[in-house]
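Residue numbers for the sequence shown follow the working numbering, so the first one is -12 and each next one is one higher.
By construction, the Cβ of each residue, glycine as well, lies at the ideal position given by its N, Cα and C atoms.
All values derive from a computational prediction rather than experimental measurement.
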Amino acid sequence: MRALGMFVVRLPKKFKDTISIAGQEMYLASKFDEFGNRINYAEIVSTPARHEVGANPGDILYFHHHVCVEKSLHLEDDLYMVRYDPNGGYGSHAYAYETPSGEIHMLSDWVFVEQPQKVTEKIVEGIIILEEDKDADHGFIRYANKELAYLGAKVGDKVYFSKHSDYAMEVKGETLWRMRNDDLLYVRNA
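Here it is in structure tokens:
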């Protein structure tokens, strides 16, 4: 089965509903952080017939969190369709794919940005409190798309971005922000 303009992925589980604590698996009520607990990566079953994307069946596709809950994208059993547009935009729900060797390749106009890590130390009544600051206005390009170099940015660059474009998602076990080229306001080379 091959959709014309969409990926088909195998998503056996739609939500992260268990966690492991001290070797014990516990049930997680995912409704408390519904968006954060949606699974947004799955094995590619087929690539869009209409577009050459570079991905292959068996690769892992990273996609928008709505894919697992939109009834119109559910094919059957554990198969879902993921919208793709090579020109990008919010209609393209496919962000990147990961090859079996662990390489990440960005799709259309999406980029993954690393969050800056800042830890501040405060002493309150003799107790040392470590606080992690989250600056939601800048980060560092971790994975770039093909067009980004033309726009003047590359992997490792410090980039500033528009408000509310810092959508967090898990990529290879770490939390990165996903955003589009249009969300990037300016670059400060690292």
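Check                                                                                                                                                        : Outcome
Within the stretch 124 to 168, note down every full alpha helix (DSSP H) run reaching 4 residues or more, in order along the chain.                          : 135 to 138
Between Tyr198 and Tyr28, which are expected to be in contact by the criterion C-beta below 8 Å, what is the C-beta distance as a whole number of angstroms? : This structure cannot speak to residue 198, because the chain is shown only from -12 to 177.
So what's Ser95 in DSSP terms, helix, strand or just coil?                                                                                                   : coil
Around the C-beta of Gly139, are 16 or more other C-beta atoms found within 10 angstroms, so that it is buried, or is it exposed?                            : exposed
In whole angstroms, what is the alpha-carbon distance linking Pro87 and Ser152?                                                                              : 29 Å
Are the CB atoms of Leu172 and Tyr137 nearer to each other than 9 Å?                                                                                         : no
Using 8 Å for Cβ pairs, my map puts Ser33 next to Arg(-11). What's the rounded Cβ distance?                                                                  : 4 Å
Would the beta-carbon of Val98 fall within 9 Å of that of Arg175?                                                                                            : no
Considering Phe2, what are the terminal residues of the beta strand (DSSP E) in which it resides?                                                            : Looking at the DSSP string, Phe2 is not in any beta strand (DSSP E), and its letter there is neither H nor E.
When the Cα atoms are used, what is the spatial distance from Asn168 to Leu62?                                                                               : 31 Å
Would you kindly report the start and end of the unbroken beta strand (DSSP E) that includes His61?                                                          : 61 to 63
Got a sec? Which residues, its chain only, sit under 8 Å from Asp46 by beta carbon, not counting five neighbours each side?                                  : Glu30, Ile31, Tyr84, Glu85, Thr86, Pro87
Hey, would you say Gln104 sits closer than 9 Å to Ala155, going by beta carbons?                                                                             : no
Please state if the CB of Val142 and the CB of Met68 are separated by a distance shorter than 9 Å.                                                           : no
Just reading off the beta strand (DSSP E) that Tyr33 is part of, what are its end residues?                                                                  : It should be pointed out that residue 33 corresponds to Ser in this sequence rather than to Tyr. Start and end: 28 to 33.
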